[in-house]
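Take a look at the structure set out below.
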């Protein structure tokens with residue numbers, strides 16, 4: 013857009029400097045079929061928008077990675093956060109067969125230094141003793157992807173649990189997702205950990221596999237939570253079940269336990285409502301001020317942005333300001349398989365000129381119900397074509 017701005021100012025300067033300055037002259041004309049290269053990585057801009065949706069939520073160990081594996085053609089993201097970082101202790105209860113686990117008495121029988129639990133023992137529970145839950149900030153997707161649902165069948169989530177001690181493999185874990193606004197709870201089926209594993213995801217911004225890391229425990233129907241686009245709290249309870257065998261060699265020293273939640277999120281979407289909208293305020297920063305600057309000498313403006321492929325072609329490019337019934341203007345244009353385009357007619361240009369600094373448009377792509385949108389990993393602009401109708405009054409000396 014800056015290139016367009018400087019180009020138009022150059023055209024105007026040539027028109028002015030070519031004339032002997034009279035007292036007053038009106039310059040009119042058209043700028044037609046001007047094309048210049050505009051190599052912008054649209055895929056990267058969309059990637060930044062998605063990563064920003066997860067940033068700043070305060071969760072420990074939060075990492076959002078972009079999948080660069082060549083087998084994956086749809087933009088896909090991996091989100092990892094720490095769910096548990098804690099430890100617990102087991103001690104004998106002084107002369108009895110009972111144990112103290114996490115400062116709570118637990119019934120047990122003993123034989124040859126092996127204690128067998130006669131009731132369950134909690135080794136971790138969210139909310140107890142300052143053990144904070146993690147929050148999934150899914151509502152931010154609702155701000156950028158209004159009216160869309162993800163293909164929930166392609167979304168996966170796993171929880172990876174580990175400890176230095178094998179006793180944790182006998183533990184049972186329960187996960188509860190709590191809607192932060194409604195407090196509605198979604199419980200998953202409890203499962204025995206049975207294997208210790210870590211995701212081994214580093215802190216880089218890129219991920220090179222074609223699916224989630226191996227091992228871990230799959231969380232069923234996680235895509236349903238994503239599609240609610242609400243903030244969720246994850247409550248976790250880890251229990252040693254009845255009949256768990258505990259060696260007295262574990263007594264006294266703290267036993268560590270860690271867990272990571274990892275989400276696999278492809279950008280495969282469908283409009284669930286009419287007027288579903290993707291907002292591109294960040295990507296189109298500067299467009300409003302550019303149009304405002306040229307409105308004083310442009311009667312009409314048409315821009316066509318050519319792309320190697322246009323994943324948004326089922327939608328309409330919309331630039332608007334205000335809400336009904338106070339809508340200041342509303343401009344929409346259909347797109348093709350390879351272009352983004354919009355045209356500002358004379359009436360809209362005059363409205364923009366009157367608004368001056370109050371011109372602050374929202375730019376997005378609007379879809380009808382049932383339209384699909386699959387964001388490819390690689391798509392970028394190649395050229396911008398410009399058509400403009402100029403009208404400018406030059407005032408000379410009186």
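In the numbering used here, the protein residues as written are 13 to 410. Built from N, CA and C at the ideal position, the CB exists for glycine as well.
4 or more residues per run - each alpha helix (DSSP H) lying fully within the region 213-243: 234-240
Through-space distance from residue 331 to residue 52, alpha-carbon basis: 20 angstroms
Contact under 9 angstroms by Cβ, residue 238 with residue 90: no
Alpha carbon of residue 216 to alpha carbon of residue 75, nearest angstrom: 8 angstroms
Continuous beta strand (DSSP E) stretch holding residue 65: start and end: Careful: residue 65 lies outside any beta strand (DSSP E), inside the alpha helix (DSSP H) at 54-66.
CB of residue 230 within 9 angstroms of CB of residue 168, strictly: yes
Continuous alpha helix (DSSP H) assignments of at least 4 residues falling wholly in the region 342-403: 358-367
With 16 other Cβ atoms within 10 Å as the buried cut-off, status of residue 199: exposed
As assigned by DSSP and simplified to three states, the class of residue 174: strand
Contact between the region 167-187 and the region 244-251 (3+ Cβ pairs under 8 angstroms): yes
Nearest residue (CA-CA) to residue 266, options 97, 163 and 150: 97
Length of the line joining the Cα atoms of residue 373 and residue 204: 53 angstroms
Three-state secondary structure (DSSP) of residue 179: helix
Sequence-distant residues of the same chain with beta carbon closer than 7 angstroms to residue 224, five excluded per side: 168, 170, 274 and 276
Local Cβ density within 10 Å of residue 228, reported as buried at 16 or more and exposed below that: buried
Contact test: residue 54 Cβ vs the ligand GDP heavy atom, cutoff 8 angstroms: No copy of the ligand GDP occurs in the structure displayed, which carries no ligand at all.
C-alpha distance - residue 369 paired with residue 302, whole-angstrom precision: 11 angstroms
Contact under 9 angstroms by Cβ, residue 72 with residue 173: no
Whole-angstrom C-beta distance between residue 80 and residue 180, which should lie under 8 angstroms: The Cβ separation is near 33 angstroms, so there is no contact.
Beta-carbon proximity list for residue 385, same chain, < 6 angstroms, skipping 5 on both sides: 281
Segments of 3+ residues assigned as beta strand (DSSP E) that fall wholly inside the region 67-150: 75-79, 88-100, 102-104, 111-113, 116-118, 120-123, 126-129, 133-137 and 146-149
Inter-residue spacing [alpha-carbon to alpha-carbon] between residue 416 and residue 211: A query on residue 416 cannot be resolved here, the shown segment of the chain reaching from 13 to 410 and no further.
Cβ neighbour criterion (16 or more within 10 Å) applied to residue 339: exposed
Exposure label - residue 157; buried when at least 16 CB within 10 Å: buried
DSSP bridge partner residues for residue 267 (one or two, in chain order): 100
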